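Below is one structure, written out as structure tokens; comments come after it.
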DNA sequence: CTGTTAGCGCGTTCAC
DNA sequence: GTGAACGCGCTAACAG
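Residue numbers (the working numbering), protein chains in the order written: chain L, 1 to 339; chain E, 1001 to 1339.
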């Protein structure tokens, strides 16, 4: 048979004291005598008392909770960032609601609505690949819910955020290729909708000038991350373009790995016939015999941690929030050369 | 300035109707006239009304929510399983609370306590590597919270569960090695505390007999998953044991990959000098030039889905729950040969 | 030190 | 059709 979840009312009745006395005793109110406090605690245990957070948050109008919206937990980048977030909130007394949009705007909006309904104290997010309309995030802002984005930041949307210095990262990558005397480089970018794709593009375009690289038509491509799409693009770059690239700058490690797979299937040797450079430098690439030649470390865990700490500062110092004064933390990347 | 989150009370005041009328109108009670219902809905929108789930669940004594406890979201096995769980619950109206124990029993217990406090309708879990005491899960049971485990099941703890047929899987793996005329096989197992480690051991031991394999002292080892620990064990197996194994059966792909890394660093060629066979067959191994020679597919997504569907059946048919009649779903594995 | 009372937002009984 | 009143479990004023 299942136990009964009792309430302070039942404890009070059993002990013949007032409900408020029980409430105070359980919350260690100094006004309650040691003796009664002990009696209350014992009875609470005996009756299997479990505090009801719904009642508590209804009464206190605050439940100390944070909502997290991530694209895909499967991507190590985001699960690492999540660990950073969780660790930063450790001991702060907040409940962390984790959701994944699975790169669908609809799911993302559902999550933010849920957070709004549940009166979370703040939301940390990295937007989905599909998201072009930020109405659901704007709504959070309008209700005064502090919002911190990391990595995938909305464009033209003033907000607190933590992001990589992508353009600089691209320059580092291109410089590396330049030193190898490589001049003909394709950009296998992420979805056009993502700001960080646009930043990669800007970095790429300015690097073309800086290093005197050759712009080739058809060498700037956008993928939706699906394997088929990446395969199609690679085929296109390789067989339907006037020239073949000497190197490919990939949106991130997963995109690079998929493209490298395509190469292997088509008898092209990655990092010999064509160099690969990418973003993220995820731990899983450690296990590869042939990782991308170089990858830009983005410190996923640290990024999550920084986003969380920024959120905590917003939570603890309300004065920061209500000015139109958004904090932007820009993290440098580091080119990690594997070959 | 931030919007105000209004309540039905304010809507009622603005419209000069009773609170209960608003409540009924918003929940589409047929007794409310079309005209008033429309007026209420409009005013609700105008005042940015947002229903308060805390109040609702306090009143209704039920919030339709499910708690999930997973060891590490970073492990693709668990993030895939999570996707399966989420998809199975899609459209069912439940809120999914996701937590990760990070393989710490303390964090796991915190999560289950949180779920108990919040009166979740059910908990789906895969236990941490540290967990030996199941008190926190037992408590959930005692309060009548349905519990479904998958993959990492507690031992000697009657419960609903979904698990792989591990022993049979080990036999398949050993048969594969036997056909290659390999007879001297080490078991690089997971933590002793995990039941699925014990199952691997049982399968291993019985396979020794079935296939006439050679038992070698020091060839049965347990790792805590840390890289250092795996390195140490490998060194020990290789250099401090009378014989060298011809093959290593690894607890899962991650363990195999770490061990294979050790091999490479020590000039030993994986799958040439020593064969690797493992569990899980995770998608990430697709990217490897040299994956384990074979891996036992465990259908992570499907497993999560099955666990969720089992939970849904427990939720929808109360009669199933209160008999001491636990369902155990055993999934066959499939040996996927990469070499 | 402890009890009484009120009310957080909502759904529901009972009246009219 | 609609309204008044109560209570879910809890905290916080105000009393004593």
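C-beta atoms are modelled at their ideal positions from N, C-alpha and C, and glycine is treated no differently. Bear in mind that the values here come from a model prediction, so they are computed numbers and not experimental data.
- Using a CB distance below 8 Å, the part of the region 284–297 of chain L facing chain E consists of 284, 286, 287, 288, 289, 290, ordered along the chain.
- Counting only residues of its own chain and dropping the five nearest sequence neighbours on each side, residue 1009 of chain E has a CB closer than 7 Å to the CB of 1019.
- Leaving aside the five residues that flank residue 1197 of chain E on each side, the residues in its chain whose CB is nearer than 8 Å to its CB run, in chain order, 1189, 1190, 1191, 1222, 1251.
- Counting along the chain, no beta strand (DSSP E) covers residue 1019 of chain E; the unbroken alpha helix (DSSP H) around it starts and ends at 1019–1026.
- Of the candidates L/132, L/257, L/277, L/138, the residue whose Cα lies closest to the Cα of residue 200 of chain L is L/277.
- Taking a C-beta cut-off of 7 Å against chain E, the contacting residues of the region 132–145 of chain L are 142, 143, 144, listed in chain order.
- Assigned with DSSP and collapsed to three states, residue 200 of chain L falls in helix.
- At a cut-off of 7 Å between beta-carbon atoms, residue 3 of chain L makes contact with chain E.
- A residue is called buried once 16 or more other Cβ atoms fall within 10 Å of its Cβ, and residue 1034 of chain E, having fewer, is exposed.
- At the C-beta level, residue 177 of chain L and residue 247 of chain L come within 7 Å of one another.
- The beta carbon of residue 1109 of chain E sits no closer than 7 Å to any beta carbon of chain L.
- Residue range 166–179 is occupied by the alpha helix (DSSP H) that includes residue 177 of chain L.
- The Cβ-Cβ distance between residue 1315 of chain E and residue 1121 of chain E falls below 7 Å.
- Residues of chain E whose Cβ lies closer than 7 Å to the Cβ of residue 55 of chain L are, in chain order, 1058.
- Contact note: residue 50 of chain L reaches chain E through 1116, 1117, using a C-beta cutoff of 7 Å and chain order.
- In the structure shown, the three-state DSSP call for residue 1033 of chain E is coil.
- Cβ contact annotation for residue 1212 of chain E (same chain, cutoff 8 Å, sequence separation greater than five): 1183, in chain order.
- Cβ contact annotation for residue 244 of chain L (same chain, cutoff 7 Å, sequence separation greater than five): 238, in chain order.
- Cα atoms of residue 1217 of chain E and residue 1165 of chain E: separation of roughly 26 Å, rounded to the nearest angstrom.
- Rounded to whole angstroms, residue 228 of chain L and residue 1226 of chain E show a C-alpha spacing of 35 Å.
- Cβ atoms of residue 27 of chain L and residue 71 of chain L stay farther apart than 8 Å, at about 40 Å.
- CA-CA distance, residue 1022 of chain E to residue 1048 of chain E, rounds to 14 Å.
- Between the beta-carbon of residue 1160 of chain E and that of residue 1326 of chain E there is about 5 Å, and that keeps the pair under the 8 Å contact cut.
- Secondary structure within the region 278–327 of chain L: the alpha helix (DSSP H) runs of 4 or more consecutive residues, fully enclosed, are 300–316 (chain order).
- Assigned with DSSP and collapsed to three states, residue 1063 of chain E falls in coil, not helix or strand.
- The residue among L/67, L/79, L/180, L/88 with its C-alpha nearest the C-alpha of residue 137 of chain L is L/67.
- Chain order gives the chain E residues near residue 74 of chain L as 1076, 1079, 1080, 1083, where near means a beta carbon separation below 8 Å.
- With a cutoff of 7 Å on beta-carbon distance, residue 266 of chain L and residue 1053 of chain E are scored as not near each other.
- For residue 248 of chain L, the uninterrupted beta strand (DSSP E) segment begins and ends at 247–250.
- The beta carbon of residue 1263 of chain E is closer than 8 Å to those of 1234, 1269, 1270, 1273, 1274 in its chain, skipping five residues each way along the sequence.
- Closest in C-alpha terms to residue 185 of chain L, from the list L/148, L/307, L/249, comes L/249.
- Contact check for residue 80 of chain L against residue 259 of chain L fails: the beta carbons are separated by 7 Å or more.
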